[in-house]
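By our numbering, the letter at position 279 of the sequence shown is numbered 420, and the numbering carries on one by one without gaps. Heads up: the structure comes next, in structure tokens.
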Amino acid sequence: MSYTNFKFDVDADGIALVTWDMPDKSMNVFTEEVMKELDAIVDRVAKDEAIKGAVITSGKDTFSGGADLTMLKRMFQLFQDEKAKDPKKAVELLFENTGKMGGLFRKLETSGKPWVSAINGTCMGGAFEMSLACHGRVVSDDPSVKMALPEVKVGIFPGAGGTQRVPRLTNQQDALQMMTTGSSLTAARAKAMGLVHEIAPAKKLVETAKKMIKAGLKPVQPWDEKGFKLPGGAIYSAAGANLWPAATAILRRETYGNYPGAAAILKSVYEGLLVPFDTGLKIEQRYFTNILQSTEAGMMIRSLFVSLQELNKGARRPADVKPTKFKKVGVIGAGFMGAGIAYVTAKAGISVVLIDQTQEAADKGKAHTADLITKDIQKGKATADDKEKLLGLITATTQYAELDGADLVIEAVFEDREVKRKATEQAEAVLKPAAVFASNTSTLPITGLAKVSVRPKNFIGIHFFSPVDKMLLVEVILGKKTSEKALAVALDYVRAIKKTPIVVNDTRGFYVNRCVLRYMSEAYNMLVEGVPPAMIENVARMAGMPVGPLALNDETAIDLSQKILKATLADLGPKAVDPRHVELVNTLVDKYDRRGRKNGKGFYDYPAKPAKKHLWPELKTLYPQQDADKIDVEVLKQRFLFTIALEAARVMEEGIVTDPREADVGSILAFGFAPYTGGTLSYIDGIGAAKFVEIAKGLQRKYGAQFKAPKLLVDMAEKGDTFYERFNPYPVEAKKKKAA
Ligand code: NAD
């Protein structure tokens, strides 16, 4: 018998080697077909008396990425379709479907034959849960190998036995820590935790796994043995009594109750460890079915799993343009941003010409790469050899002639039209005709900058965020004349440096900064109203934002906010700015020289380490303070999320962003918009346009015009539309469904 996704060989000792190697896929994933085949293989191994046991490994570099996103998408769709007809049956169907994977793994571990998982590469989610169901686990010593149960990051949790097996193999504290953060384990850490049995050289991995079987590995899991005891002590033990009250408090502190998936992990572990293993699996399956129906899970899976992968794979890339393989990329301006851009480009193995006005400035930009890789070496993540290679890829120079032959040039010179004009002209004088010229401007419209270009078709915006090496999002900005080909080149580049692109039409502030400004602007409003500063910061985090607006403003610099306000006033007139905001930033910058983190004085004070930053005590003296107990926390939370989401809706209305996936993913990656909502537009869809508009009206009456719903939303509210229906990113699929 042969299989599509597995190779099956039995050696002379009667040990089956099951090699997972899906055709036409770069990575193994769990699909319905894979589960069906694995089920048949488990039966075959169990029934064939000549087979002593089985080793499962992967034929690819990585072991597996876990569940296939299209399978998850189908399961959700099935549920939604059924729910419309018969809600009760829909839940039953969902319960049945969610139990399939866990059922298969339980069948494997109770099949009577020993199974060993030979983990040759990164092993995630469902694949790690399958490995945990095997009686033995061997991991390759390759430092790149990682294992994780990352489900919580997309709003769900390990629902195929993970919450029951991990805390029966290791102590409950480590188990909770691993699953509620979704963090990755190295082979050494997994072994120390008792989650794997052996670490073997990559070449001897399968041999080691087979040896375990030959040595008489028992085909019974510890929890199926009589007298099994939990490794870290029972729930009702001294250790349990110490752990659980703290665990729930820590979860609350970290999530503010916004992530039901994370809470379900605690519940599944706590309740599951009090009962026999099979009952524990049932408990997990019930919570899993429950969590899958939550708005949070639906929105997070869509944005952070499905859409994110689609955007990374080039969902917005014009399909008919040939992909570009970058040999040489130019970066003009070796300052704060240019230095970071040079680093991420070289990191992708691309040669970089890094230009600045003086050799000293160019060298300083290159030194940034040396600093970053030196830190990696100190952490054991890179070698001296890697450093030499990386630095060898960057040529720091003052000579524009070096740009000859570059496929792409990114300018990151001062934010000044005249300086940018000169840089464009000097670069274009040496560039080959097909090369693309990109600006990293954060405020100047691309169409205007492209006017000085001799080939505006090849002119585009590639807008990075700081710090460049850490931020995962890049905005690709289209000027009026930007060609499809230039867009394809820019997207190929963003893919090469392993960041996520969103495509944005030209406008003041593009997408991300427009939203971020709203966030900070609402904090200014609250300050002026006399909301205590600490409350502003805390409530923002309770709403799910990773950084409070005042802390964020310190990072981006208060004098930059002052500059932006001044420019807006000059360009758009006095109605475009709030005079109370101007007064606030002028007071901070001009009167108190508080510019933000960069000068150690902003909304916060930054004392020398190890002391922590704290809010500037005088801040609350600037405005008469309200009584915190009389302020409605829920309304403050709503104000933050609504003001940003409304701006995102305006951006859609104006056609600046055209695909809701980009608005959602962009908002989470760029400024951490409450990830449990699935992003700015999913937040509105989750509440429902009608209810959202109603709440916005109430906020507008009380707090001002920033809460005015755009026409688009009012129309959506009337029609009962969602963003994903109205701006459907899958028109072909929708058509097919309609036809069916
Ligand atoms: P910066 O002042 O740190 O660096 C600018 C560099 O450009 C300097 O090293 C300067 O010497 C060099 N330069 C000036 N004229 C030049 C020329 N003709 N040829 C070569 N080099 C020249 O500024 P930055 O913060 O890196 O910002 C650069 C650009 O990136 C700006 O357009 C800015 O709006 C944009 N940007 C900045 C951020 C941010 O957070 N700082 C974020 C996104 C985009």
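Yeah, the Cβ is synthetic: ideal placement off N, Cα and C, and Gly gets one too.
Per DSSP, reduced to three states, the secondary structure at Lys563 is helical. Residue state for Pro363 is assigned as helix, using DSSP reduced to three classes. Counted as a single uninterrupted DSSP element, the stretch harbouring Thr198 is not any alpha helix (DSSP H) but the beta strand (DSSP E) occupying residues Gly194 to Ser199.
Here Val669 has Arg721, Leu725 and Tyr764 as same chain residues with Cβ atoms under 7 Å from its own Cβ, once five neighbours each way along the sequence are excluded. Here DSSP, grouped into helix, strand and coil, assigns Gly737 to strand.
As summarised for the stretch 318 to 392, the continuous beta strand (DSSP E) elements at least 3 residues long and confined to that stretch are 339 to 341, given in chain order.
Between the beta-carbon of Val653 and that of Phe812 there is about 7 Å, and that keeps the pair under the 8 Å contact cut. Judged by their CB atoms, Gly546 and Thr588 are not nearer to each other than the 7 Å cut-off. The beta carbon of Pro816 sits closer than 6 Å to those of Ile809, all from its chain and outside the five residues before and after it, given in chain order. Less than 7 Å divides the Cβ of Val286 from the Cβ of Gly262. Within the same chain, and ignoring the five residues on either side of Pro586 in sequence, the residues whose Cβ sits closer than 6 Å to its Cβ are Asp647. By the neighbour-count criterion, in which 16 or more other beta carbons inside 10 Å mark a residue as buried, Pro308 falls on the buried side. A residue is called buried once 16 or more other Cβ atoms fall within 10 Å of its Cβ, and Pro459, having fewer, is exposed. If you check the CB distance, Gly471 and Leu590 do not come in under 7 Å. Inter-segment contact for the stretch 243 to 255 and the stretch 473 to 490 is absent: fewer than three beta-carbon pairs are separated by less than 8 Å. Under DSSP, Asn646 forms a beta bridge with Leu619. In the three-state DSSP reduction, Glu552 falls in the strand class (E or B).
Separation of Asp731 and Leu693 (C-alpha to C-alpha, rounded to the nearest whole angstrom) is 20 Å.
When the Cα atoms are used, Asp283 and Lys761 turn out to be separated by approximately 54 Å.
For Met661, the shortest separation between its Cβ and any heavy atom of ligand 1 does not lie below 6 Å.
When secondary structure is reduced to three states using DSSP, Lys423 falls in the helix class. Under DSSP, Met265 shares a beta bridge with Ala289. For a cut-off of 8 Å, the C-beta gap from Leu310 to Gly335 is around 5 Å, short enough to register as a contact. For Ser607, the CB falls within less than 6 Å of some heavy atom of ligand 1.
Secondary structure of Val280 (DSSP, three-state): strand.
Just measuring C-alpha positions, the residue of Thr623, Lys408, Leu433 and Leu628 sitting nearest Pro464 is Leu628. For Ser258, the enclosing beta strand (DSSP E) stretches over residues Trp256 to Ile260. Unbroken beta strand (DSSP E) runs of no fewer than 3 residues, entirely contained in the stretch 447 to 476, are found at 469 to 473, following chain order. Met271 and Met142 have their alpha carbons spaced roughly 23 Å apart. Non-local C-beta neighbours of Lys468 in its own chain, meaning closer than 8 Å and more than five positions away in sequence, comprise Ile491, Ser492, Gly546 and Asp548, ordered along the chain. Beta-bridge annotation (DSSP): Ala208 is paired with Phe171.
Residue pairing of Phe147 in beta bridges, as defined by DSSP: Trp161. Residue environment: Ala379 is assigned as exposed (fewer than 16 neighbouring CB atoms within 10 Å of its CB, all protein chains considered).
Sixteen is the threshold: since fewer than 16 other Cβ atoms of the shown chains lie within 10 Å of the Cβ of Asp152, the residue is exposed. In the three-state reduction of the DSSP assignment, Tyr397 falls in the coil class, being assigned neither a helical nor a strand state. No residue range can be given for Val593, since it is assigned to no beta strand (DSSP E) and is classified by DSSP as neither H nor E.
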